[in-house]
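Once you know that position 70 of the sequence shown is 70 in our numbering, the rest is easy, because the numbers rise by one and skip nothing. Everything below concerns the one structure shown next.
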Amino acid sequence: MPKPTRTRRRTDATVDRRESILDAALECFVLRGFHGTAIPEIAKGAGIAAGTIYHYFPSKEAMVNALFRKWKGEIAQRVLTAFPAGAPVRDQFRVMWRTMTDFALSHPRAFAFLELHHHQDYLDDESRVMENNLKDFGALMVMRAQQEEQVKPGSTALLMELVFGAFIGMMRAHWDGRVELNADQQAFAEQACWDAIALHRP
């Protein structure tokens with residue numbers, strides 16, 4: 001087996017260092033927020049000098065956008081990979097709910113950073129596009145369900161916010177120790193949220 005070249009080793013080290021900076025930034029942003037975090041605090045968490053960060057990110061804004069895209073992209077990939085395109089809407093809802101739950105349970109800090117913080121004053125255009133693409137995907141699913149008279153008519157955006165607001169509340173209650181989110185509780189919550197938006201004919 002050929003030995004890795006010096007360029008390859010340097011590239012791998014650069015990727016590892018960049019990821020360690022993003023990991024440290026995630027910890028800081030979750031605990032103190034974007035505006036409450038200073039570059040030296042991130043550098044300390046990554047075990048490097050503060051000036052070294054600027055070799056990887058030109059600003060704190062560039063760093064937080066890279067972090068946002070990393071984890072928003074991870075969610076999008078999971079949802080799109082798992083999404084059963086030809087299945088009934090009810091099954092699609094269940095798959096998306098479970099996919100999001102699995103992500104939030106596996107990566108609680110990343111989910112908290114993405115969904116429990118306000119990002120609007122520092123997201124760049126690329127990050128906003130990524131955010132909107134996932135929302136548009138969900139909106140298309142809801143609109144299709146409305147056309148099939150599976151989901152209540154009305155504002156698609158409002159229906160999505162009702163469901164996602166409940167989802168965030170569920171995760172927050174779990175992390176605060178107020179709810180034990182076992183498999184039965186997850187299934188109960190998913191059914192309850194579907195019932196909240198489903199069109200129930202008399």
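Ideal placement from N, C-alpha and C gives every residue a C-beta, glycine not left out.
Counting only residues of its own chain and dropping the five nearest sequence neighbours on each side, V95 has a CB closer than 7 Å to the CB of A82, F83, P84. Contact between the segment 43-51 and the segment 100-118 is not established, with fewer than three Cβ pairs separated by less than 8 Å.
Collapsing the DSSP output to three states places A38 in coil. Contact annotation, A139 with M160: C-beta distance approximately 6 Å; criterion of less than 8 Å satisfied. Of the residues R18, L181, H117, the one whose Cα lies closest to the Cα of F29 is H117. Apart from sequence neighbours up to five positions away, the residues of its chain that approach G33 with a beta-carbon distance below 7 Å are H117, ordered along the chain.
The way I'd put it, the segment 53-65 doesn't touch the segment 98-108; fewer than three beta-carbon pairs between them come closer than 8 Å. Rounded to the nearest whole angstrom, the CA to CA distance from T14 to E61 is 20 Å. Secondary structure in the segment 83-127: the alpha helix (DSSP H) runs of 4 residues or longer, each lying completely within the stretch, are 89-106, 108-115 in chain order. Given a length threshold of 3 residues, the segment 146-197 has no whole run of the beta strand (DSSP E) inside it.
Looking at the backbone, the Cα of L22 and that of V64 are separated by about 8 Å. Assigned with DSSP and collapsed to three states, S20 falls in helix. In the three-state reduction of the DSSP assignment, G47 falls in the coil class, being assigned neither a helical nor a strand state. Listed in chain order, the non-local C-beta contacts of E131 below 6 Å within the same chain number zero, local neighbours out to five positions each way being set aside.
V151 is a Cβ neighbour of L199, given a cutoff of 9 Å. Per the C-alpha coordinates, the member of T37, H35, G36, I42 positioned closest to R17 is I42.
Under the three-state reduction of DSSP output, G33 falls in the coil class, being neither helix nor strand. A distance below 8 Å between beta-carbons, with the five flanking residues on each side excluded, links Q185 to the following residues of its chain, in chain order: V179. With fewer than 16 neighbouring CB atoms inside 10 Å of its own CB, K70 falls in the exposed class.
In the three-state reduction of the DSSP assignment, L134 falls in the helix class. Between L123 and F167 a beta carbon distance of about 21 Å is seen, past the 8 Å cut, so the two are scored as non-contacting.
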